[in-house]
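K.L.:
One structure follows; several queries about it will come next.
In structure tokens form, the structure reads like this:
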């Protein structure tokens, strides 16, 4: 079975494709996140990242979404996914999703920390990011403090730690 | 909900412990071929005791202490009570362990007792520090219970070892010398190292294997098996044969529970490929199963004698503990160095992945030499041939040097210090 998960957005074909295939990396046990983020940072406004992965990269949606990217997903086969990441129009402040959620459960250290800090890069003053984790990230907290973010942690259920991180509005 | 300002976990403190421990491992490994004639004889030889304590105290205990200072904040979600005390503890441990090894080597017992007193002080500092760190802990998980049990075992092992040292001078202990010595060894192995390793494994292996945290009956078997079995084995070795058999069965059940959990985690892992660190950890688990079989055979008098005992000790301390520790070091050291050198950059500029800090070829070389060398050493010690002990010991020494070189390469990233936040931001903006 193959096909798009959602309808293809108009205008995608007009963008220049920058292809990144991480299927071999993941099969070999290599973490591809840094490679993806390096590519994203180098993207020009008229370019789209076209990612090939052996599974739907759901956590990446939140990371890149907070950095202003939209995505469109195609499932080519059961273990072959193609996702287009492209810059969205700058949202109006009133339309901004001020409470994004990032699930970093199931990631090896230090990937949860890297993804959270990447995500915070795009956080506007007054917005919050809710992080879902398997444990209290004791090494992340000092980084948040040093960068001036507020944070509060609770454990709504066993095995789930929720950290709400905010960028102060007065910044 | 908690939102207090967090204390920055120390990176240099655990790294200082781990570097000292690795140095002790290299020295012990290099000394092994050199001590081949002594190792081909009886294990109750001053130089063999010096070698054993350089492994048990210098390598294993220092590593566990250092790793605790990194892992306790993660697994128990609270900062260490006093880093300053931990630094004092390191100084005491280094002076004490060097003194003990030196005095064992030359067979000077009064000097040994003074050095052992310094080690006992360091252990006391560790127990106080960790006890004050975990006080008020609300959720006593499997790991927290096992770590607590291990610390009690460390305290008891230290006291018994110190008393054994005093007995070398004043000759006051009842019972046979070897019975007391075997009790001390098994208190260390089953009362200190075993609960610490299986307790931490239950929390840390899932993190690295990307597997669900283990649960169910094996946990209860491990808790009760070690809690009842370790003291029973120690008392049994002191002259109550019934307790020895019951304790051995109990500890064997705990080891089986631990291995069952590892198997479950490996099967349910989301990480398809295993890196060298994890392969070493799993090889260590295989060595544990072999050591457990040999230990049961020794307890039931199916095999006996100093040669088998040395092979058993090598499989336990070298195969299980050392390979597991080496594997964990290949995970822990790169993380600590990455955190120190690159975490301030994360989110602001491209940072290297953890695997990029190390040398995969060096890791594989160290893993193969250590795994093959330790198995060969166990066989050579069983046979008792000095020439084969020398060959196998040389392979272990080469593996230890490869491990140390690989870790040293990771440490070179510390020189690439992260810039101040403002500088990092400037880089990103540019």
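Residue numbers (my numbering), protein chains in the order written: chain V, 897 to 1067; chain L, 7 to 436. Where a beta carbon is used, it is the ideal one built from N, C-alpha and C, also for glycine.
(1) Against chain V, with Cβ distances strictly below 7 Å, would residue 23 of chain L count as a contact?
(2) Ends of the beta strand (DSSP E) at residue 1046 of chain V?
(3) How about residue 211 of chain L: is its C-beta nearer than 7 Å to some C-beta of chain V?
(4) When you compare each of L/220, L/238 and L/282 to residue 5 of chain L by their alpha carbons, which one comes out closest?
(5) I'd like the span of the alpha helix (DSSP H) that includes residue 915 of chain V, first residue to last.
(6) Does the separation of the CB atoms of residue 27 of chain L and residue 69 of chain L fall below 7 Å?
(7) Output, in sequence order along the chain, the residues in the region 256-287 of chain L whose CB is closer than 8 Å to any CB in chain V.
(8) Any idea what DSSP makes of residue 432 of chain L, helix, strand or coil?
(9) Using the Cα positions of residue 335 of chain L and residue 906 of chain V, report the straight-line distance between them to the nearest angstrom.
(10) Are the C-beta atoms of residue 80 of chain L and some chain V residue less than 7 Å apart?
(11) Less than 7 Å between C-beta atoms, sequence neighbours within five positions excluded: which residues of the same chain meet that for residue 55 of chain L?
(12) Comparing alpha-carbon positions, which option in V/1050, V/1012 and V/1056 lies nearest residue 1063 of chain V?
(13) Quickly, what does DSSP pair residue 72 of chain L with across the bridge? List them, please.
(14) Can you check DSSP and say which residues form a bridge with residue 1062 of chain V?
(15) What is the residue span of the alpha helix (DSSP H) that residue 131 of chain L lies within?
(16) Out of L/318, L/231, L/124 and L/408, point me to the one whose CA is closest to residue 200 of chain L's CA.
(17) Express the C-alpha separation of residue 165 of chain L and residue 176 of chain L in angstroms, rounding to a whole number.
(18) Taking only beta-carbon atoms, is residue 352 of chain L less than 7 Å away from chain V?
(19) Are three or more beta carbon pairs between the region 367-374 of chain L and the region 401-416 of chain L nearer than 8 Å?
(20) On the DSSP bridge list, what partners appear for residue 976 of chain V?
(21) Quick one: Cα of residue 333 of chain L to Cα of residue 1039 of chain V, how far?
(22) Taking only heavy atoms of the ligand ATP into account, decide whether any of them is closer than 6 Å to the Cβ of residue 383 of chain L.
(23) For chain L, find out if any of its Cβ atoms is closer than 7 Å to the Cβ of residue 954 of chain V; answer yes or no.
(24) Contact between the region 138-145 of chain L and the region 158-172 of chain L is defined here as three or more beta-carbon pairs at a separation below 8 Å; is this criterion met?
(25) For a contact defined as C-beta to C-beta under 9 Å, what are the partners of residue 356 of chain L on chain V?
(26) So residue 15 of chain L contacts chain V; which residues on that side make the cut at Cβ distance below 8 Å?
(27) If you count every other CB in all the chains shown that lies within 10 Å of the CB of residue 989 of chain V, and 16 or more means buried, which is it?
(28) Run through chain V and tell me which residues come within less than 9 Å of residue 438 of chain L, C-beta to C-beta.
(29) Would you kindly report the start and end of the unbroken alpha helix (DSSP H) that includes residue 1011 of chain V?
(30) Whose Cβ in chain V lies nearer than 7 Å to the Cβ of residue 344 of chain L?
(31) Just the C-alpha distance for residue 1029 of chain V and residue 1052 of chain V, rounded to the nearest angstrom, thanks.
(32) Taking the alpha-carbon positions, what's the residue 235 of chain L to residue 241 of chain L distance?
(33) Quick check on the burial criterion: 16 or more other C-beta atoms within 10 angstroms. Buried or exposed for residue 344 of chain L?
(34) Between the alpha carbons of residue 1044 of chain V and residue 211 of chain L, how many angstroms are there, rounded?
(35) Buried or exposed, going by whether 16 or more other CB atoms sit within 10 Å of the CB of residue 178 of chain L?
(36) Report the option in L/144, L/74, L/169 and L/84 whose CA atom is closest to the CA atom of residue 119 of chain L.
P.N.:
Based on what the coordinates show:
(1) The beta carbon of residue 23 of chain L does not come within 7 Å of any beta carbon belonging to chain V, so the residue lies off that interface.
(2) Element bounds for residue 1046 of chain V: 1046-1053.
(3) Interface annotation, residue 211 of chain L: not in contact with chain V, CB-CB separation never under 7 Å.
(4) Not covered by the structure: residue 5 of chain L. The range shown for chain L is 7 to 436.
(5) Premise fails: residue 915 of chain V lies in the beta strand (DSSP E), 912-917, not in any alpha helix (DSSP H).
(6) Yes. Within cutoff.
(7) Residues of the region 256-287 of chain L with a Cβ closer than 8 Å to any Cβ of chain V, in chain order: 276, 277, 278, 279, 280 and 281.
(8) Confidence at residue 432 of chain L is low in this model, with a pLDDT of 43, below 50, so the placement of that residue should be treated as unreliable; the coordinate-derived value is given next. Secondary structure of residue 432 of chain L (DSSP, three-state): helix.
(9) Cα to Cα, the separation comes out at about 51 Å.
(10) It does: the Cβ of residue 80 of chain L has a partner Cβ on chain V nearer than 7 Å.
(11) Cβ neighbours of residue 55 of chain L beyond the five flanking positions: 110.
(12) For the residues V/1050, V/1012 and V/1056, the minimum Cα distance to residue 1063 of chain V belongs to V/1012.
(13) Beta-bridge pairing links residue 72 of chain L to no other residue.
(14) Paired residues: V/1024 and V/1046.
(15) In the DSSP assignment, residue 131 of chain L falls within the unbroken alpha helix (DSSP H) covering 115-140.
(16) Comparing Cα positions, the closest option is L/231.
(17) Those two C-alpha atoms are separated by around 16 Å.
(18) So yes, residue 352 of chain L belongs to the interface.
(19) Short answer: they touch.
(20) Answer is V/973.
(21) Taking C-alpha positions only, residue 333 of chain L is separated from residue 1039 of chain V by approximately 28 Å.
(22) Among the components modelled here there is no ligand, and therefore nothing to report on the ligand ATP.
(23) Under the Cβ distance rule, residue 954 of chain V does not count among the residues neighbouring chain L, no pair being separated by less than 7 Å.
(24) As far as the Cβ criterion goes, the region 138-145 of chain L does not touch the region 158-172 of chain L, which means the pair count is below three.
(25) What residue 356 of chain L touches in chain V: 930, 933, 934 and 937.
(26) Within chain V, 1034, 1035 and 1038 have C-beta atoms less than 8 Å from the C-beta of residue 15 of chain L, given in sequence order.
(27) Low confidence applies to residue 989 of chain V: its pLDDT is 40, below 50, so where it sits in the model is not reliable, and the reading given next is rough at best. Around the beta carbon of residue 989 of chain V, a 10 Å sphere encloses fewer than 16 other beta carbons of the protein chains shown; the residue is thus reported as exposed.
(28) The structure shown does not extend to residue 438 of chain L, since chain L is modelled only from 7 to 436, so the question has no answer here.
(29) Counted as a single uninterrupted DSSP element, the alpha helix (DSSP H) harbouring residue 1011 of chain V occupies residues 1007-1016.
(30) Here the neighbours are 1006.
(31) C-alpha separation (whole angstroms): 11 Å.
(32) For residue 235 of chain L and residue 241 of chain L, the distance between alpha carbons rounds to 10 Å.
(33) Answer is buried; the Cβ neighbour count reaches 16.
(34) Residue 1044 of chain V and residue 211 of chain L: Cα-Cα distance of roughly 33 Å.
(35) With fewer than 16 neighbouring CB atoms inside 10 Å of its own CB, residue 178 of chain L falls in the exposed class.
(36) Comparing C-alpha distances from residue 119 of chain L to each of L/144, L/74, L/169 and L/84 shows the shortest one belongs to L/169.
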